[in-house]
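These protein sequence lines are chains Z and L, in that order.
Numbering of the first sequence is given in this note's numbering, commencing with residue 15 and proceeding in unit increments.
Numbering of the second sequence is given in this note's numbering, commencing with residue 40 and proceeding in unit increments.
Glycine included, every Cβ here is placed at the ideal spot set by N, Cα and C.
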Amino acid sequence: MISVRDVRKTFGDNTVLNGLDLEIPRGETLIIMGRSGCGKSVLLKVIAGLLAVDTGEVWIDGTEITTLKKKPLNQIRRKIGMLFQSAALFDSMSVAENIAFMLDQHTDLSEQDMRKIVEEKLKLVDLDGVQDLRPAQLSGGMRKRVGLARALAFNPEIILYDEPTTGLDPVTCTEINELIRDLNQQLKVTSIVVTHDMHSAFSVGTLMVMLHEGKQIAYGTPEEIINEDHPILQQFVLFGAPNQILNIDDPTLKEFTGRNDNGF
Amino acid sequence: MNNPPTETASSGEFSNILKNRLHYMLSEIGDAVSLLGETIYQIFRRPFQLNLLIKQLLLIGFNSLSVVLVSGFFTGMVLGVQGYVQLKPYAVEGSVAQFVSVSVVKELGPMITAFVLSGRIGASITAELSTMKVTEQIDALEVMGTNPVKYLVVPRFLACSIMLPTLTIFSTFAGIFGGFVAVVSLFGFNGYFYVLEVQKHLFVGSVLISLIKATSFGMAIAAVGCYKGFSISTAGGAEGVGIATTGSAVVSLITILVLDFVLNHILFNILGMI
Numbered sequence: 015m016i017s018v019r020d021v022r023k024t025f026g027d028n029t030v031l032n033g034l035d036l037e038i039p040r041g042e043t044l045i046i047m048g049r050s051g052c053g054k055s056v057l058l059k060v061i062a063g064l065l066a067v068d069t070g071e072v073w074i075d076g077t078e079i080t081t082l083k084k085k086p087l088n089q090i091r092r093k094i095g096m097l098f099q100s101a102a103l104f105d106s107m108s109v110a111e112n113i114a115f116m117l118d119q120h121t122d123l124s125e126q127d128m129r130k131i132v133e134e135k136l137k138l139v140d141l142d143g144v145q146d147l148r149p150a151q152l153s154g155g156m157r158k159r160v161g162l163a164r165a166l167a168f169n170p171e172i173i174l175y176d177e178p179t180t181g182l183d184p185v186t187c188t189e190i191n192e193l194i195r196d197l198n199q200q201l202k203v204t205s206i207v208v209t210h211d212m213h214s215a216f217s218v219g220t221l222m223v224m225l226h227e228g229k230q231i232a233y234g235t236p237e238e239i240i241n242e243d244h245p246i247l248q249q250f251v252l253f254g255a256p257n258q259i260l261n262i263d264d265p266t267l268k269e270f271t272g273r274n275d276n277g278f
Numbered sequence: 040m041n042n043p044p045t046e047t048a049s050s051g052e053f054s055n056i057l058k059n060r061l062h063y064m065l066s067e068i069g070d071a072v073s074l075l076g077e078t079i080y081q082i083f084r085r086p087f088q089l090n091l092l093i094k095q096l097l098l099i100g101f102n103s104l105s106v107v108l109v110s111g112f113f114t115g116m117v118l119g120v121q122g123y124v125q126l127k128p129y130a131v132e133g134s135v136a137q138f139v140s141v142s143v144v145k146e147l148g149p150m151i152t153a154f155v156l157s158g159r160i161g162a163s164i165t166a167e168l169s170t171m172k173v174t175e176q177i178d179a180l181e182v183m184g185t186n187p188v189k190y191l192v193v194p195r196f197l198a199c200s201i202m203l204p205t206l207t208i209f210s211t212f213a214g215i216f217g218g219f220v221a222v223v224s225l226f227g228f229n230g231y232f233y234v235l236e237v238q239k240h241l242f243v244g245s246v247l248i249s250l251i252k253a254t255s256f257g258m259a260i261a262a263v264g265c266y267k268g269f270s271i272s273t274a275g276g277a278e279g280v281g282i283a284t285t286g287s288a289v290v291s292l293i294t295i296l297v298l299d300f301v302l303n304h305i306l307f308n309i310l311g312m313i
C-alpha cells in the first residue's frame with residue numbers, strides 16, 4: 015500500500031505538487047495522467063525517494079519514507095523497481111551487467127546464478143540473445159524491455175513506470191502495454207504508470223488519477239474516469255482514449271473529437 | 040532630469056545582480072564542500088569496491104602516461120635551453136642542472152601533470168557524470184539502492200589522488216631527462232656533470248613537496264570534475280553537458296593555481312621546507 019499525504023513540492027517559484035493526496039492499494043495498477051509539466055514524473059520520483067518533498071508524507075507499506083535516512087531508505091528501495099522514460103541503462107555496461115547490477119551490488123550470488131536470473135528476466139520481457147550487447151546497440155523498444163528486466167531483477171513488490179511508451183512506434187507501444195499488463199497479472203505487483211498516452215492508460219490501468227495544477231482532480235477505475243464530468247479530464251480523455259472505450263460511434267462525440275471510425 | 044533615477048535603478052540592479060551572483064557562488068562552494076565531505080566519509084565505509092578503483096587507476100594512469108611523459112620531457116628541454124642561455128652571461132651555466140631539477144621537482148613536475156590531467160581526466164569525469172545525470176542513470180543507481188557518491192565519486196577521487204603523484208614522478212624524470220638532452224645535445228654540456236649536479240641538489244624534502252602538491256592537485260581535479268558532473272540539472276541536456284565540461288576544465292585550472300600558491304606558502308613559509 016502506498017499513501018501520499020498532503021505533498022507539496024516547488025522548484026523555485028513553480029509549485030509542481032500542491033497538497034497532493036493519493037492512495038494506491040496493494041496489487042493495483044494506477045495510471046497517473048495529466049498535461050506535460052503537471053508533476054507526474056515528479057510524483058513518481060517523490061515515491062521512489064529521489065526527490066525530497068517540501069511538506070507532506072509518503073508512506074510505503076507502513077513506513078514514512080520522506081524522513082528516512084539513506085540506509086533505511088535504500089532498504090525500502092529494494093522493494094521498488096523503476097522503468098525510466100529513457101530506460102536509463104548504464105552505457106558502460108552490457109545488457110547482462112545492467113540487469114544483474116542490483117544483484118551484484120546487494121547479494122553474494124555467484125556469476126552463474128546471476129546469469130540464470132538475467133536469462134529468466136530477459137525471457138519475462140520477451141528478449142533473448144542480447145545479454146552481451148551494449149545499450150547503444152539496442153532499439154528504443156528493446157531498451158525499454160531491458161530497462162524493465164533490470165527493474166524486475168530484484169523481484170520488486172512495486173514497479174514504477176515513467177512514460178513507458180514515449181518515443182516508441184505504435185506496434186512497439188502495444189507490445190510494451192501488453193507486457194506491462196501481463197507482468198502485473200503474473201507477478202501481482204503494485205504498479206504506478208505515468209503516461210499521457212491514453213491507449214496505454216486504458217489498456218494497463220486498474221485505477222486512474224488525473225493531476226492538474228499539482229492536485230488530483232479525478233480518481234477511480236477506468237469506467238469511473240470515463241464517466242467523470244470534470245471538463246479538463248473530459249478533454250484529456252476524449253482526445254486520447256481509444257474508440258472502443260469511448261464508444262466513438264456516438265456522432266456528437268465523433269464530431270467533437272474530430273475522429274474517424276479508425277480512431278484517428 | 041531623467042538621468043538620476045535611471046542611475047539609481049541601474050545601481051540597484053547592479054547590486055541585485057552582485058547579490059545573486061554572490062549567493063550562487065556561495066551555494067556552489069557549499070555544495071562542493073558537502074560533496075567532498077560525503078566523498079571522504081564514503082571512502083571509509085564498506086563495501087570497498089576495489090574493482091572500480093582499479094578500473095579508474097588504469098583509465099587515469101595508463102592512458103595518461105604517454106602525454107604526461109611527452110609534456111614533462113619538453114618542459115625539461117625548454118627549461119634546459121632557457122636556463123643555459125640565461126645563466127651563461129654570468130658564467131654560471133654549470134648550475135643549469137640544478138636549475139632544471141629543482142624547478143621540475145618542486146614546481147613544474149606536479150604543475151604540468153596536473154594541467155594535463157585536469158584537461159584530460161577532470162573534463163572527462165565531468166562529461167561522463169553529467170551525461171549519466173541527464174540520462175537519469177544516476178537516478179537509476181539511487182533507485183537500485185546504490186549510493187552514487189560511493190559508486191562513482193569515491194573511485195575517481197582515490198584514483199586521481201593516487202595517480203597524480205605517480206604520474207608526477209614519471210613527468211619529473213622525463214623533465215630532468217629533457218633538460219639533459221637539451222643541454223648536452225645543443226650546448227655540448229658535460230652529461231656526467233649534469234647527473235652529478237642533479238643528485239647533489241635533489242633532496243628527499245623536495246620530492247616530498249612534489250608529492251604533497253601532486254596529491255592535493257589530484258584531489259582537487261577529481262573533486263571539481265565530480266562536482267561539476269553532479270551539479271548539472273537533469274533538464275540540462277547536451278548543452279548542459281558541454282557547459283559543465285568547459286566549466287570543469289576552467290575551474291580545475293584556477294583551483295590548481297590557487298592551491299599551488301597556498302601550498303607554496305604553507306610548505307615554504309610556514310613549515311620552512313626546502
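Should L:Q238 be labelled buried (16 or more other beta-carbon atoms within 10 Å of its own) or exposed? Within the second sequence, the letter at position 199 stands for residue 238 of chain L. By the neighbour-count rule (16 or more Cβ atoms within 10 Å), L:Q238 is not buried but exposed.
Against chain L, with Cβ distances strictly below 9 Å, would Z:A102 count as a contact? In the first sequence, the residue the question calls residue 102 of chain Z occupies position 88. Chain L, which has a Cβ nearer than 9 Å to the Cβ of Z:A102, makes this yes.
Check the Cβ of Z:A320 against every Cβ in chain L and list those closer than 7 Å, keeping chain order. Residue 320 of chain Z falls outside the range modelled here, since chain Z spans only 15 to 278, and no answer is possible.
Classify Z:M209: buried if its beta carbon has 16 or more other beta carbons within 10 angstroms, exposed otherwise. Residue mapping note: residue 209 of chain Z aligns to position 195 of the first sequence, counting from 1. The amino acid at residue 209 of chain Z is misidentified as Met; the sequence shows Thr. Buried, since its Cβ has 16 or more Cβ neighbours within 10 Å.
Run through the region 77-133 of chain Z for me and flag every whole alpha helix (DSSP H) of 4 or more residues, listed as ranges in chain order. You should have 84-91, 109-120.
Does the beta-carbon of Z:N241 have 16 or more other beta-carbons within 10 angstroms, so that it is buried, or is it exposed? The residue you call residue 241 of chain Z lines up with position 227 of the first sequence. Classification for Z:N241: exposed.
Could you compute how far the alpha carbon of Z:T235 sits from the alpha carbon of Z:T220? As a working mapping, residue 235 of chain Z is identified with position 221 in the first sequence. As a working mapping, residue 220 of chain Z is identified with position 206 in the first sequence. Taking the straight line from one Cα to the other gives about 6 Å.
What are the residues that DSSP puts in a beta bridge with Z:K23? Walking along the first sequence from the start, residue 23 of chain Z turns up at place 9. Partner(s): Z:L31.
Taking the CB atoms as reference points, tell me whether L:G210 and L:I151 lie closer together than 9 Å. Position 171 of the second sequence, counting from 1, holds the residue named residue 210 of chain L. Position 112 of the second sequence, counting from 1, holds the residue named residue 151 of chain L. At residue 210 of chain L the sequence reads Ser, which differs from the Gly that was named. Yes, the Cβ-Cβ distance between L:S210 and L:I151 is below 9 Å.
Residues in the region 97-125 of chain Z with C-beta within 8 Å of chain L's C-beta atoms, listed in sequence order? Taking 8 Å as the Cβ-Cβ cut-off against chain L, the residues of the region 97-125 of chain Z that qualify are F98, Q99, S100, A102, L103, F104, D105, F115, M116, Q119, H120.
In the DSSP output, what is Z:M224 paired with across the bridge? Position 210 of the first sequence holds residue 224 of chain Z. Partner(s): Z:M47, Z:A232.
Quick check: what's the CA-CA separation for Z:E171 versus L:G51? The residue given as residue 171 of chain Z occupies position 157 in the first sequence. The residue given as residue 51 of chain L occupies position 12 in the second sequence. So the two alpha carbons sit approximately 56 Å from each other.
Extract the residue ranges of the alpha helix (DSSP H) inside the region 208-250 of chain L, only unbroken runs of 4 or more that lie entirely within it. Listed in chain order, they are 230-240.
Drop a sphere of 10 angstroms on the beta-carbon of L:I68, count the other beta-carbons inside from all chains shown, and report buried for 16 or more, exposed for fewer. As a position in the second sequence, residue 68 of chain L is number 29, starting the count at 1. L:I68 should be labelled exposed.
By DSSP, does Z:L174 sit in helix, in strand, or in coil? Residue 174 of chain Z sits at position 160 when you count from the first residue of the first sequence. In this structure, Z:L174 counts as strand in the three-state DSSP scheme.
Bounding residues of the beta strand (DSSP E) (the contiguous stretch that carries Z:I74): Mapped onto the first sequence, residue 74 of chain Z falls at position 60. Note, Z:I74: beta strand (DSSP E), 69-74.
Over what stretch of residues does the alpha helix (DSSP H) that includes L:V188 continue unbroken? Within the second sequence, the letter at position 149 stands for residue 188 of chain L. No alpha helix (DSSP H) contains L:V188, which DSSP labels as neither H nor E.
With a CB to CB cut of under 7 Å and the five nearest residues on each side skipped, what residues in its chain are close to L:G100? Counting from 1 along the second sequence, the entry for residue 100 of chain L is found at position 61. Cβ within range, chain order: M202, T205, L206.
Euclidean distance between Cα positions of Z:E71 and L:F300: Reading the first sequence from its first residue, position 57 is the one you call residue 71 of chain Z. Reading the second sequence from its first residue, position 261 is the one you call residue 300 of chain L. The alpha-carbon atoms of Z:E71 and L:F300 are separated by roughly 50 Å.
Taking Cβ-Cβ distances shorter than 9 Å, what residues in chain L pair up with Z:R91? By 1-based counting over the first sequence, the position of residue 91 of chain Z is 77. Per Cβ cutoff of 9 Å: E181, V182, M183, G184.
Measure the C-alpha to C-alpha separation of L:K58 and L:A166 and round it to an integer number of angstroms. In the second sequence, the residue the question calls residue 58 of chain L occupies position 19. In the second sequence, the residue the question calls residue 166 of chain L occupies position 127. Note on geometry: alpha-carbon atoms of L:K58 and L:A166 lie some 30 Å from one another.
In whole angstroms, what is the alpha-carbon distance linking L:P43 and L:N55? In the second sequence, residue 43 of chain L corresponds to position 4, counting from 1. In the second sequence, residue 55 of chain L corresponds to position 16, counting from 1. For L:P43, the predicted structure reports a pLDDT of 49, less than 50, and the residue's modelled location is therefore unreliable. A value from the coordinates is still provided. When only Cα atoms are considered, L:P43 and L:N55 end up about 18 Å apart.
When DSSP labels each residue in this structure, what does L:I295 get in the three-state scheme? Against the second sequence, residue 295 of chain L aligns to sequence position 256. DSSP, read as helix, strand or coil, puts L:I295 in helix.
Could you check whether the Cβ of L:T254 sits closer than 9 Å to any Cβ belonging to chain Z? Taking the second sequence and counting its residues from 1, the one referred to as residue 254 of chain L is at position 215. By this cut-off, L:T254 is not an interface position.
Contact list for L:Q137 against chain Z, beta-carbon separation under 7 Å: Working through the second sequence from its first residue, we reach residue 137 of chain L at position 98. Near L:Q137 there are no residues of chain Z at all, since even the closest Cβ is about 47 Å away, more than 7 Å.
Closest residue to Z:L201 among Z:M116, Z:G33, Z:T43 (Cα-Cα distance): As a working mapping, residue 201 of chain Z is identified with position 187 in the first sequence. Checked all of Z:M116, Z:G33, Z:T43; the closest Cα to Z:L201 is Z:T43.
Cutoff 9 Å: Z:T266 Cβ touching any chain L Cβ: Position 252 of the first sequence, counted from the first residue, corresponds to residue 266 of chain Z. Because the pLDDT of Z:T266 is 49, which lies under 50, any placement of that residue in the model is unreliable, and the question is left without a value.
If you draw a straight line from the alpha carbon of L:G161 to that of L:A288, how long is it in whole angstroms? Position 122 of the second sequence, counted from the first residue, corresponds to residue 161 of chain L. Position 249 of the second sequence, counted from the first residue, corresponds to residue 288 of chain L. Near 7 Å, if we compare the C-alpha coordinates of L:A288 and L:G161.
If the criterion is Cβ atoms closer than 9 Å, does the pair L:L180 and L:Y190 meet it? Taking the first residue of the second sequence as position 1, residue 180 of chain L is located at position 141. Taking the first residue of the second sequence as position 1, residue 190 of chain L is located at position 151. Against a cut-off of 9 Å, the Cβ pair of L:Y190 and L:L180 comes out as a contact.
Could you check the C-alpha separation between Z:F270 and Z:Q249 for me, to the nearest Å? Taking the first residue of the first sequence as position 1, residue 270 of chain Z is located at position 256. Taking the first residue of the first sequence as position 1, residue 249 of chain Z is located at position 235. Caution applies to Z:F270, whose pLDDT of 45 falls short of 50 and renders its modelled position unreliable; the value that the coordinates give is listed next. If I take the Cα positions, the gap works out to 10 Å.
Can you tell which of L:C265, L:V131, L:A136, L:A262 has its C-alpha closest to the C-alpha of L:V117? Counting from one through the second sequence, the residue named residue 117 of chain L turns up at place 78. Closest option to L:V117, Cα to Cα, is L:A136.
Would you say Z:N169 faces chain L, with C-beta separation under 9 Å as the test? Taking the first sequence and counting its residues from 1, one reaches residue 169 of chain Z at position 155. Taking Cβ atoms only, chain L never reaches closer than 9 Å to Z:N169, which makes this a no.
Spatial distance of Z:G26 from L:N186 (CA atoms): Numbered from its first residue, the first sequence carries residue 26 of chain Z at position 12. Numbered from its first residue, the second sequence carries residue 186 of chain L at position 147. Distance between the alpha carbons of Z:G26 and L:N186: 26 Å.
Alpha carbon to alpha carbon, how far is Z:T24 from Z:L31? Give it in angstroms, no decimals. On the first sequence, position 17 is the one that residue 31 of chain Z refers to. On the first sequence, position 10 is the one that residue 24 of chain Z refers to. Spanning the two alpha carbons is a distance of roughly 7 Å.
Comparing the C-beta of L:T205 with each C-beta of chain Z, is any distance below 9 Å? Locating residue 205 of chain L in the second sequence gives position 166, counting from the first residue. Taking Cβ atoms only, chain Z never reaches closer than 9 Å to L:T205, which makes this a no.
So, helix, strand or coil for Z:E37, using DSSP? By one-based count along the first sequence, residue 37 of chain Z stands at place 23. Here Z:E37 sits in strand by DSSP.
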